[in-house]
Amino acid sequence: MEYDNILENLLGRSQFLVVGKSVVRADALDKALGRAKFTADYIQKGTIVVKVVRSTQPHARIKRLDVDGALRTPGVHAVLTASDVPGLNQIGYAIPDQPFLNVEKVHYIGDPIALVCADDEWSAMEGVDAVVIDYDPLPANFTIDETLKKDAIHIHESGNVALTSRIRKGDVEKGFSEAEMVVEETYETPFQEHMYIEPDAALAIPEGREKVTVIGAMQSPFLVREKVAHVLGWSLNQVRVIQAFTGGAFGGKDDTGPLVCAKAVLAAVKLGRPAALVFDREEVAAYTPKRFPARIRYRFGADSDGVFKAAEVDITLDCGAYANRAPFWLWRQTVHAAGPYEVPSIHVDGRAVYTNKVFGGSFRGFGDLAMHFAVETQIDRLAAKLGMDPIDVRLKNVLKVGKRTTSDQLLDHSVGIEKCIRGVVEASDWSHRRESRRIGVKVRGVGIGCAHHGISTSRGAPDWSAASLILNEDGTLTYRTTICELGQGTPFGHAKIVSEILGAPIDSIRIEIPDTDTMPNARPTHGSRGLTLGGTAAADAALKLRQHMVKVAAGLLECDEGSIEMRDGRAYRKEDPSTGIEFKELAQELYVRGVSPAAYGFFVPPRRFFDPNTGLGVSYPAYTFAATVAEVEVDVETGQVEVVKIWPAMDVGKAIDPLMIEGQIQGAISQGIGFALMEDLRLENGKVLNPNFTDYVVPSSLDTPEVAETIIVEEPYKHSAFGAKGVGEPAIISIVPAITNAIYHATGISFNTVPITAERLYTVLKRSEQ
Amino acid sequence: MKISFTLNGKKAEVETSTNQTLLDLLRDDLGVKSVKKGCEAGECGACTVLLDGKPVTSCLILAPQVENRHVTTVEGLVEDELMGALREAFMEDGAIQCGFCTPGVLLSAYALLKENPKPTELEVKKSIEGNICRCTGYFKIIEAVMDAAERADT
Amino acid sequence: MKPIPNFILHRPETLEEALKLLSELEGSRPIAGGTDLLIGLREGDCKAKHLVDLGLAKELRYIREDEGMIRIGSTTTLAQVVESRLINAKAPVLSEASSLVGSVQIRNLATIGGNLCNASPGADTAPPLLVLGAEVTIASRNGSKSMTLSELFAGPNRAKLASGELLTEIYFPVTPAGSGASFQKLGRRKGCTLSLINAAAYLEMNGEACREARVAFGACAPTPMRVLDAEVLLRGVKLDIKAIEDVSSACYGLVQPSTRAHARASEEYRREMSCVLMRRALTEAWQRARRNMR
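Line by line, the protein sequences are chains A, B and C. Every position in the first sequence, counted from 1, becomes a number in our numbering once 8 is added. Every position in the second sequence, counted from 1, becomes a number in our numbering once 2 is added. Every position in the third sequence, counted from 1, becomes a number in our numbering once 227 is added.
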């Protein structure tokens, strides 16, 4: 089904009613009034408070776990350990290396060991303090180099390498022999902590003895259901998962959702009463999964005209204590290794290794952020060596229709990167800004960063989505999706798609919050798939319902189905608009006549296949492309970098809501600025030293640069509703190298690592002067 | 101990303890859920309330310290014209994403516009310096506050 | 965050009552804005059994000028300092520095006395007050005494206050015509940030000659500090760009930044930046002094 032409082919219209227009999102008023309920807002008095007892050792055996003191603490009702887990004590995401509650061994500082369940926070904390744990410390590996040493201690039985990846395309030897210019560098990217403002939380409520409801902050309700049911040893339909409005997630809550919910559920089920687990800021910052640190050795060769000939990329991903998302992160990173360019010969070797630190997990942009930082920096270095403008080098090699990605996937449509690049070059007056500008102690520079980002879950995992739609007797609509509202507004995007297809006023559609008991599985809200896949399931539901409505309307209005137009909550004859019927009456007619007023939408994009030996094949159904130009101003006396202005561009397929797209891009830009310049999680011997807002510095309002209007490029994707592609992630991927390349332009210093703090830049500048 | 103060224009008499913060009193005992707990260290601003009209972080105030004072949250400004202009501007300008920081930001912006009806962009940024937003990057929030200032003017 | 432990809260309405409580109650501490103290209570740094809330003692909250002195009551909030017409007119370096502490929300709660008694090495209000020649009044049941602000800072996060003693007033002379002061701050982001290093300079000019010079740094030593060895290089000297440069360079060896492994900035960086910030502070102070001649 070619969904991108729904408007012309199926709706018979040439003008959009609501898609492509900026509309006030449905949840905005409740959020402005402070009435939107987040997880912690549901907690009533008398709810059991759950606190987690965590390892203070980075790597150790547990010799003795004594909970007696905790049990005797006033106000403590129970202390739960692994022996209290009725089902599987295993909660690893993809690889079963992660106990739910550790009993034999701990692998990082913060590793959960027990749950104290008490009347209130004070008693719970006292209970935590009263738990006695005797550790038998083991040597710990804190770095990639330590863990890969021949005699390094094994963190998990399977060894310290969790998994590997590879790409073998073309002939790199030949390619390098044809390359006049070769640049080889090693890049290191650090942890990044999401610092979503709402701490992780879950509230579990037992419903009788064989059912439990859990309300929580998450991104994938059905993933949470699966993990919770496994821990309990229950069937899936005994667990009801509800996603409350979530105060920021950026990937992090996809990982913590199951972990936090399962803990609250265990407590609730054991005690037979509601129990809640709410993290404090320190727990969020020190113990929740973070952006994987990575080391990327990149060898890139181009000929004297700047045409890319070959690339050799070696990736080591630092998993921390558990593999978690590593299989997907590393794989995604591997198949994006060439950047949004065609490189005829490329070898990629990747491995994910365990260390005794907090583990890595989902974060906006996934491994593409580190990879594009490497690639985009390489290109600017190559350009400098070649004496070419970095833009020209990019345009020489950029992906276009008919070209192939890193994994040799042929792109047969929907490739807007060139337009993005040309757009921001023009908007930023690039060539003018590339002339050196120094005023006193301030030097300005401009740089570009480009990105491509595959939409949907990685590793070719079968992906699909589902939604349901009901026309109520009064003509209003109830829409159900388990794509989660995290701030990005995706469910509202679905509603707009439904509104467009049915011609129903946007405010007649209520979007219910995700509930596994009542809704079909839309699958996860990640990989920028919420709109592309989830929204197309919405379209499918709407198209099906439309058929029923049109059929009945045609009967009532005595005309062909093809003559029916649906708009503004009314069905009418195209040739005679005054002859029509309000949805309210039409709905009643469906009910009276026994025509189904409900539809289940389902969408599966084309299957993807890849060869595990070469890594080649179709990696993703579609790619979103982005290009961002950044201008920075460096104070050469202090090393401080100010981002002056940003020019973003993105190929979004089809803009369902320009205002929301801009909001996503701008938010991603801010996180990218943080990552590039100020966010620095410091660890010493596995202990996070700055788990707070004071010392893990994220941008404040005063750090906001000027931003040009987003250039929205539309190269529709054939197989999604109206051609829409996901927008949440590519902007953070492109902004980071845009900033670091701008600093390169301003100072001549190209950094292989971030954050580029004032002290770091100053130190390098000083050294380069000497 | 019992304390008495004005909450959103109405008298509130409530039992508390010396070591309960205003934030916990509002959320747990008075059902005021718009005020959020993000860090309990005065750093994120999600717990912002107006104390005698001035924005403060309620996580750093002991409940007994508001005796005889006026505490205002967004619940108490539903009918307020200036807050109405702010709400509309925020909604229409795309300044709300996840919504968790929103009540705190609105109160900081409200206090600014009450005192300075025609702020510069820098003054707007300064006024919300203590409200961290991880979703919007602040761009549309700043725009919305400037927009609200204009709306309130007409 | 650990919950706040139990304690008894006292809310005296006069200074006299407050002093009585502080002297009589063992393990008692004053609380003003609470922005530092509440965090200290949660982290276990402060184990007070009794807290004496100064919020109701209105007599401690004022900003006034009398007989050539500017006097600030210790529970005056930083927001009040920032908004004070008097301070903006006669000691703008203090309101400028105060406006860089925390955020609006913090400044509406935090008090100038609290900021000084917390004695953070990097307190932003300290360098300006040091170069303004500020002194403080310490009151107790037994009477009151004065000390220079430098004397108040006994050590990192330690003010020279015995139990039962309370900082009640900060005062400094009104600055004469031909004087100017400047505060410079280097943080880790532009908004709501702790100082990695800060600096203040105060100059009194007599034509082209510098009649009086005071310079101070924060976050460069265990406490905020005046740099007397730098000041002596400026006093009586004909001020010019070279003189400023020489004094600034000298700061490198005169500051004592932390050598801790996980300090917020390295010792070397702070030394280097002390020169940069001092140059900027002196340059601006000089400009203001010249504009201020009558």
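All residues carry an ideal CB built from backbone N, CA and C; glycine is no exception. Fair warning: this is a prediction, and the values are worked out from it, not measured in the lab.
Three-state secondary structure (DSSP) of residue i
{"i": "Tyr11 (chain A)", "result": "helix"}
{"i": "Glu320 (chain A)", "result": "strand"}
{"i": "Thr636 (chain A)", "result": "strand"}
{"i": "Lys271 (chain A)", "result": "helix"}
{"i": "Cys46 (chain B)", "result": "coil"}
{"i": "Ile673 (chain A)", "result": "helix"}
{"i": "Tyr140 (chain B)", "result": "coil"}
{"i": "Ala68 (chain A)", "result": "strand"}
{"i": "His460 (chain A)", "result": "strand"}
{"i": "Trp513 (chain C)", "result": "helix"}
{"i": "Met505 (chain C)", "result": "helix"}
{"i": "Tyr204 (chain A)", "result": "coil"}
{"i": "Asp293 (chain C)", "result": "strand"}
{"i": "Met396 (chain A)", "result": "coil"}
{"i": "Arg305 (chain A)", "result": "strand"}
{"i": "Ala754 (chain A)", "result": "helix"}
{"i": "Met374 (chain C)", "result": "strand"}
Chain A residues whose Cβ lies nearer than 9 Å to that of residue i
{"i": "Met228 (chain C)", "result": "Asp288, Arg289 and Glu290"}
Interface residues of chain C facing residue i [CB-CB closer than 7 Å]
{"i": "Asp711 (chain A)", "result": "Arg416, Lys417 and Gly418"}
Nearest-angstrom Cα separation, counted from residue j out to residue i
{"i": "Leu461 (chain C)", "j": "Val363 (chain C)", "result": "26 Å"}
{"i": "Gly625 (chain A)", "j": "Arg616 (chain A)", "result": "8 Å"}
{"i": "Leu176 (chain B)", "j": "Gln67 (chain B)", "result": "A query on residue 176 (chain B) cannot be resolved here, the shown segment of chain B reaching from 3 to 156 and no further."}
{"i": "Arg488 (chain A)", "j": "Ile163 (chain A)", "result": "43 Å"}
{"i": "Arg298 (chain C)", "j": "Pro232 (chain C)", "result": "36 Å"}
{"i": "Leu9 (chain B)", "j": "Leu28 (chain B)", "result": "9 Å"}
{"i": "Tyr479 (chain C)", "j": "Ser501 (chain C)", "result": "6 Å"}
{"i": "Ala427 (chain C)", "j": "Lys127 (chain B)", "result": "25 Å"}
{"i": "Ile266 (chain C)", "j": "Val454 (chain A)", "result": "42 Å"}
{"i": "Arg506 (chain C)", "j": "Glu434 (chain A)", "result": "40 Å"}
{"i": "Ser166 (chain A)", "j": "Ala334 (chain A)", "result": "15 Å"}
{"i": "Arg497 (chain C)", "j": "Phe184 (chain A)", "result": "46 Å"}
Under 7 Å by beta carbon: chain A residues contacting residue i
{"i": "Gly139 (chain B)", "result": "Gln674, Gly675, Ile677, Ser678 and Thr712"}
{"i": "Ser493 (chain C)", "result": "Glu767"}
heavy atom of the ligand FAD below 8 Å from residue i C-beta
{"i": "Ala508 (chain C)", "result": "Among the components modelled here there is no ligand, and therefore nothing to report on the ligand FAD."}
Nearest-angstrom Cβ-Cβ length linking residue i and residue j, presumed shorter than 8 Å
{"i": "Ala545 (chain A)", "j": "Ala474 (chain A)", "result": "5 Å"}
{"i": "Val642 (chain A)", "j": "Leu769 (chain A)", "result": "7 Å"}
{"i": "Thr155 (chain A)", "j": "Ile117 (chain A)", "result": "Not quite, the Cβ-Cβ distance comes to about 16 Å (not below 8 Å), so this is no contact."}
{"i": "Val662 (chain A)", "j": "Val715 (chain A)", "result": "Reading off the sequence shown, one finds Lys at residue 662 (chain A), where the question assumed Val. Actually they are not in contact, since the Cβ atoms of Lys662 (chain A) and Val715 (chain A) sit about 22 Å apart, beyond 8 Å."}
{"i": "Lys235 (chain A)", "j": "Ala270 (chain A)", "result": "6 Å"}
{"i": "Gly58 (chain A)", "j": "Leu123 (chain A)", "result": "Here the sequence assigns Val to residue 58 (chain A), which means Gly is not the residue at that position. Contact flag correct, Cβ pair sits at about 5 Å."}
Residues that residue i contacts on chain B, provided the C-beta gap is smaller than 9 Å
{"i": "Gln514 (chain C)", "result": "Here the premise fails: no neighbours, minimum Cβ distance about 22 Å."}
Contacts of residue i in chain A (Cβ-Cβ under 8 Å)
{"i": "Leu108 (chain B)", "result": "Ala40"}
Contact list for residue i against chain E, beta-carbon separation under 9 Å
{"i": "Met686 (chain A)", "result": "In the structure shown, chain E does not exist; the protein chains are A, B and C."}
Neighbour list for residue i in chain B, Cβ cutoff strictly below 7 Å
{"i": "Tyr204 (chain A)", "result": "Arg136"}
Within chain C, partners of residue i - CB distance below 9 Å
{"i": "Leu697 (chain A)", "result": "His489"}
Q) Below 8 Å, can you find three or more Cβ-Cβ pairs linking the segment 175-184 of chain A to the segment 353-370 of chain A? A) yes
Q) Okay, do the segment 493-513 of chain A and the segment 108-122 of chain B touch, 3+ Cβ pairs below 8 Å being the bar? A) no
Q: Please determine if the segment 434-448 of chain A and the segment 732-740 of chain A are in contact, where contact requires at least 3 C-beta pairs separated by less than 8 Å.
A: With the cut-off at 8 Å, the segment 434-448 of chain A and the segment 732-740 of chain A do not touch.
Q) Do the segment 318-327 of chain A and the segment 362-375 of chain A make contact, defined as three or more Cβ pairs closer than 8 Å? A) yes
Q) Touching or not, the segment 300-310 of chain C and the segment 332-345 of chain C, by the rule of three or more beta carbon pairs under 8 Å? A) yes
Q.
Can you confirm whether the segment 679-699 of chain A touches the segment 586-606 of chain A when touching is taken to mean that 3 or more C-beta pairs between the two stretches lie within less than 8 Å?
A. no
Q) If you pair each beta-carbon of the segment 27-41 of chain A with each one of the segment 188-196 of chain A, do three or more pairs fall below 8 Å? A) No, the segment 27-41 of chain A does not touch the segment 188-196 of chain A.
Q. With contact counted as at least three CB pairs below 8 Å, one residue from each stretch, are the segment 136-155 of chain B and the segment 93-109 of chain B in contact?
A. yes
Q | the segment 474-489 of chain C contacting the segment 404-418 of chain C, beta-carbon criterion three pairs below 8 Å | A | no
Q. Hey, is the segment 202-209 of chain A in contact with the segment 221-233 of chain A, meaning 3+ C-beta pairs nearer than 8 Å?
A. Counting Cβ pairs under 8 Å, three or more are found: they touch.
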